[in-house]
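Trainee: Those protein sequence lines, which keep their order, are chains A and B. Residues 52 to 313 (the numbering used here) are what the first sequence spells out, left to right. Residues 8 to 414 (the numbering used here) are what the second sequence spells out, left to right. Where a beta carbon is used, it is the ideal one built from N, C-alpha and C, also for glycine. Values in this document were obtained by computation on a predicted structure and should not be read as measured data. The structure is given below, and queries will be raised subsequently.
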Amino acid sequence: MTSGTAVGPVQILGAAFFSTRHACARDVLAGRERPFTAPTYGLLVGRARRFTSLVTQLHMEVCGSLSRDAANPPAIVFATCHGEIQTAERLIADFRDSQMVSSARFALSVHNTPSGMYSVATGSTAPATTVTGTNAIAAGWLEASLTALEGERAVLLSIADEPVPAVFRGPAEPAGVAAAFLVGAAPAAPAAPGAPPCTGRRVELAVTPIGPCASGALVSPLQVLAQAADAWVRPEPASVALGRIQPGAMLELRFAAEEARA
Amino acid sequence: MAGHAITAVALANCLGTDRRTVLDRAFAGEDGFAPASAFFAFPFATMLGIVPRPAAQAAQAAQDPPDPHDLMDRIPTRLAAVSLPSVRQLRPAVRAAALRWGARRVAYVFASSTGGLEQTERSLAPDPRLPLSGHGYRYTDHGIDATSAAIAQSLGIEGVCMAISTACSSSFNALASALRLIDRGLADAAVVGSADSLCRTTVFGFHSLGLTAPTATQPFARDRCGVTLAEGSAYVLIERDAAATRRDALAWVTGMGAASDAFHHTTPHPEGIGGQLCMRQAIDRAGIAPGDVDCISAHGTGTRLNDAAEALAVRRVFERAVPMTATKSLTGHTLGSAGLTALVLAVESLRRQAIPATLRAAPLDDELGVAIVDRLTPAPLRHVLVNAFGFGGTNVSVVVSQAARQS
Chain A
52 MTSGTAVGPV QILGAAFFST RHACARDVLA GRERPFTAPT YGLLVGRARR
102 FTSLVTQLHM EVCGSLSRDA ANPPAIVFAT CHGEIQTAER LIADFRDSQM
152 VSSARFALSV HNTPSGMYSV ATGSTAPATT VTGTNAIAAG WLEASLTALE
202 GERAVLLSIA DEPVPAVFRG PAEPAGVAAA FLVGAAPAAP AAPGAPPCTG
252 RRVELAVTPI GPCASGALVS PLQVLAQAAD AWVRPEPASV ALGRIQPGAM
302 LELRFAAEEA RA
Chain B
8 MAGHAITAVA LANCLGTDRR TVLDRAFAGE DGFAPASAFF AFPFATMLGI
58 VPRPAAQAAQ AAQDPPDPHD LMDRIPTRLA AVSLPSVRQL RPAVRAAALR
108 WGARRVAYVF ASSTGGLEQT ERSLAPDPRL PLSGHGYRYT DHGIDATSAA
158 IAQSLGIEGV CMAISTACSS SFNALASALR LIDRGLADAA VVGSADSLCR
208 TTVFGFHSLG LTAPTATQPF ARDRCGVTLA EGSAYVLIER DAAATRRDAL
258 AWVTGMGAAS DAFHHTTPHP EGIGGQLCMR QAIDRAGIAP GDVDCISAHG
308 TGTRLNDAAE ALAVRRVFER AVPMTATKSL TGHTLGSAGL TALVLAVESL
358 RRQAIPATLR AAPLDDELGV AIVDRLTPAP LRHVLVNAFG FGGTNVSVVV
408 SQAARQS
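Here it is in structure tokens:
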């Protein structure tokens, strides 16, 4: 892609945010913390709740609060920078210490554990993918938007990460965080006569250049997801830097003004 | 779906580290398995497919010109070592694509199930048999995309760079992402790469689920009893339909489908619901009918439940018995790389007009009711359907079609 490329328009039809250390997205941006609060992840019931990691619980928490169209369930795009990182640590400790691992824990160790749990919990046979890596937030938004633009169905984009255990010597994430967005294709603006109106918040993705020294790849999931969730609830136009999408360029999520909603 | 040209392929696995050797051995009906003790002293018996090195790589490296972006200098991990032979194989074609379209119009979508987990194991569960290599442990070596930036730079790619991880369907979901980038005009070409290196978590984990075979895997056989885990890498270069790509196309991706089982995290739906949905979708998008599919390259892991579910799904989709092969009997189960590994073999099947054997399939499980090819079988092939299923109930199918169809 070249700088200035725009992807969209798409529309956000619903959004949810959760942090284990913050009551809402605005509190993240204002620096107001709360005691650790675990997700309730009501989407999972019974045995499905056993062995679930924090990152899976976080995904379920935000996805469970969005309304679902059972007749035409959304395509599933989950994103995570670190994946099931706490489960990975436990599995390694298991075989190091006892020459065996828990089958239940191993079964839930893959990066697409949350999307699989979601599809089972909701009975959705819709396609599901999981985007990961240092630029998972930007790439997840790109994947979700491109899928939505295919026009077949809406897309449930869920992005979550749990704190990386200290033994990994990775980034020090202060909280478990998740945000989910229901993304759909948006009609062109202004809408052609007779065309369906835009029922959500119109957004587009834009590729913008970053300097060679900019840390565009290493975004903080907590900050970026809070900014995106906060922009969703506020009426004015906003732009959120999602992270690097290719060498020398990053992806921005640009919110149109609230008036774009029908 | 319009067709997308496959203009270059690369792979490395237990059969070898250069494309010709891997393909010749596969079509000769050889596997590359060794006892797991060759990798680590596991307290149980199983076979593994281990990428041969370092002798083969060193010999190959000696033939290559010096590379300022040498992957092993920058990321001296097993994931990089498994990826490197494929990257070297693909480099000339990618550089040609970058000249054709511009480096910023070439994307890189990487897929893996475990990424750099093996390097992390060496740090957190140290063992003298598996010493930390190179610079020691860095968290940046752990992720699925641990090698992505270095490989993209090595290949001269400046377009979109992203990583996908959906267990054993990872590489096919990465392929789907690459096709979207091309279809929406964000790229003209895309390198879709996949690699998984063997690691102790994987072997202990599959064993804990009762899924590892004590001997070499026997997909669709009456006595099948599990997978042979393996490592490997597989890469393809995908380009949009244009005059130049029609000339260079080895084959075409003409249809893809994806669906979820919505049943259980590790156990397949007993009727292969997700598999049925994605196979039908892939065939429909290819603009063909089930009767036009000449061969199925099955996911075929060799576990009792997986093979039974896939066989039933195939029976529900196809009215006739389509010749079916399970190439994991040759390469082992390369996890996140499994789909693309089978796809590269399918491209070679189209070129050779022959279906590779499913090793050790006899005696067949007659209850499955599918037509397993247990020896190299010449056949007129126009369309091959390739399946990749995985944990999480993820299912993806791809139709690859003969190059002549589009030229």
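Counting only the same chain and skipping the five closest in sequence on each side, list residues whose C-beta sits under 7 angstroms from that of A:A205.
Mentor: The residues are L64, P125, A199, L233, V234 and G235.
Trainee: Taking all protein chains shown into account, do 16 or more other C-beta atoms lie within 10 angstroms of the C-beta of A:H133, making it buried, or fewer, making it exposed?
Mentor: With 16 or more Cβ atoms within 10 Å of its Cβ, A:H133 is classed as buried.
Trainee: Tell me the rounded alpha-carbon separation between A:F157 and A:E140.
Mentor: When rounded, the distance between both Cα atoms is 11 angstroms.
Trainee: Name, please, each residue of chain A whose Cβ falls closer than 8 angstroms to the Cβ of B:E128.
Mentor: Ordered by position in chain A, the residues that pass the 8 angstroms Cβ test against B:E128 are I143.
Trainee: Residues in its own chain within less than 7 angstroms of B:Q283 by CB, not counting five upstream and five downstream?
Mentor: So the list reads A320, R323 and V324, once near-sequence residues are dropped.
Trainee: The alpha helix (DSSP H) that contains B:M263, what's its start and end?
Mentor: Element bounds for B:M263: not the alpha helix (DSSP H) but the beta strand (DSSP E), A258 to S267.
Trainee: Output the boundary residues of the alpha helix (DSSP H) element that contains B:E128.
Mentor: First-last of the alpha helix (DSSP H) with B:E128: L124 to L131.
Trainee: Please state whether DSSP places B:M331 in a helix, a strand or coil.
Mentor: Three-state result, B:M331: strand.
Trainee: At 8 angstroms on the CB atoms, spell out the chain B contacts of A:G174, in chain order.
Mentor: Correct list: A269.
Trainee: Name the chain A residues that come within less than 8 angstroms of B:A132, Cβ to Cβ?
Mentor: Correct list: I143, A144, F146 and R147.
Trainee: Kindly list, in the order they appear in chain A, the residues whose Cβ is closer than 8 angstroms to that of B:E165.
Mentor: Here the neighbours are Q297, P298 and G299.
Trainee: If you measure from the beta carbon of B:N180 to each beta carbon in chain A, is any gap under 8 angstroms?
Mentor: At least one chain A Cβ lies under 8 angstroms of B:N180.
Trainee: Work out the CA separation of B:R358 and B:P385 for me, nearest whole Å.
Mentor: If you take the alpha carbons of B:P385 and B:R358, they lie about 11 angstroms apart.
Trainee: Could you tell me the alpha carbon to alpha carbon distance between A:V61 and A:L208, rounded to whole angstroms?
Mentor: Approximately 13 angstroms, taken between the alpha carbons.
Trainee: Count the other CB atoms, across all protein chains shown, that sit within 10 Å of the CB of B:L106; report buried if there are 16 or more and exposed otherwise.
Mentor: B:L106 should be labelled exposed.
Trainee: Could you check if A:T250 is buried or exposed, using at least 16 other CB atoms within 10 Å of its CB as the buried criterion?
Mentor: So A:T250 ends up on the exposed side.
Trainee: By Cβ distance below 6 angstroms, which residues in the same chain neighbour A:A257 in space, the five residues on each side in sequence not counted?
Mentor: Result list for A:A257: A57, E303 and R305, in chain order.
Trainee: Taking just the CA atoms, how far does B:A368 sit from A:I296?
Mentor: Roughly 45 angstroms separates the two Cα atoms.
Trainee: Which of the three DSSP states, helix, strand or coil, is assigned to B:M169?
Mentor: Note: B:M169 maps to strand in three-state DSSP.
Trainee: Going by other Cβ atoms of all chains shown within 10 Å of its Cβ, with 16 needed for buried, is B:R26 buried or exposed?
Mentor: The residue in question, B:R26, is buried, as its Cβ has 16 or more Cβ neighbours within 10 Å.
Trainee: A:L200 CB to nearest chain B CB: under 8 angstroms?
Mentor: It does: the Cβ of A:L200 has a partner Cβ on chain B nearer than 8 angstroms.
Trainee: May I ask you to list the residues that DSSP assigns as paired with B:A409?
Mentor: In the sequence under discussion, the amino acid at residue 409 of chain B is Gln, which differs from the Ala named in the question. In the DSSP output, where bridge partners are listed per residue, B:Q409 has B:A258.
Trainee: Run the CB neighbour count on A:N123, radius 10 Å, all protein chains shown included, and call it buried at 16 or more, exposed below.
Mentor: A:N123 comes out exposed.
Trainee: Do we get a CB-CB distance below 8 angstroms when we pair A:L197 with the residues of chain B?
Mentor: For A:L197, the answer is yes, since a Cβ of chain B falls inside 8 angstroms of its Cβ.
Trainee: In the structure shown, what three-state DSSP assignment does B:N313 receive?
Mentor: DSSP places B:N313 in helix when its eight states are reduced to three.
Trainee: Note down the Cα distance separating B:I121 from A:P244, rounded to an integer number of angstroms.
Mentor: Residue 121 of chain B is actually Thr in this sequence, not Ile. If I take the Cα positions, the gap works out to 50 angstroms.
Trainee: Cutting at 7 angstroms between CB atoms, please list the residues of its own chain near B:T401, excluding the five before and the five after it.
Mentor: So the qualifying residues of the chain are T173, A174, S176 and S267.
Trainee: Excluding the 5 residues preceding and the 5 following A:A155 in the sequence, name in chain order all residues of the same chain whose CB lies nearer than 8 angstroms to its CB.
Mentor: Within the same chain, A:A155 has close Cβ partners R101 and F102.
Trainee: Quick one: which residues of the segment 198 to 226 of chain A get their C-beta closer than 8 angstroms to a C-beta of chain B? List them in chain order.
Mentor: Going along the segment 198 to 226 of chain A in chain order, one finds T198, L200, E201, V215, V218, F219, R220, G221 and P222 with a Cβ nearer than 8 angstroms to chain B.
Trainee: What are the partner residues of B:P363, as DSSP defines its beta bridges?
Mentor: Bridge partners of B:P363: none, in fact.
Trainee: Please compile the residues from chain B whose C-beta is within a distance smaller than 8 angstroms of the C-beta of A:E194.
Mentor: In chain order: M169, S184 and R187.
Trainee: Which chain B residues sit within Cβ distance under 8 angstroms of A:L159?
Mentor: By Cβ distance, chain B contributes H272.
Trainee: Would you call B:V94 buried or exposed, if buried means 16 or more other Cβ atoms sit within 10 Å of its Cβ?
Mentor: So B:V94 ends up on the buried side.
Trainee: So, is the C-beta of B:R111 closer than 8 angstroms to a C-beta in chain A?
Mentor: By this cut-off, B:R111 is an interface position.
Trainee: Please state whether DSSP places B:E238 in a helix, a strand or coil.
Mentor: Coil, per DSSP.
Trainee: Along chain A, which residues have their Cβ under 8 angstroms away from the Cβ of B:F398?
Mentor: Result: A158, V161, N163, T164 and G167.
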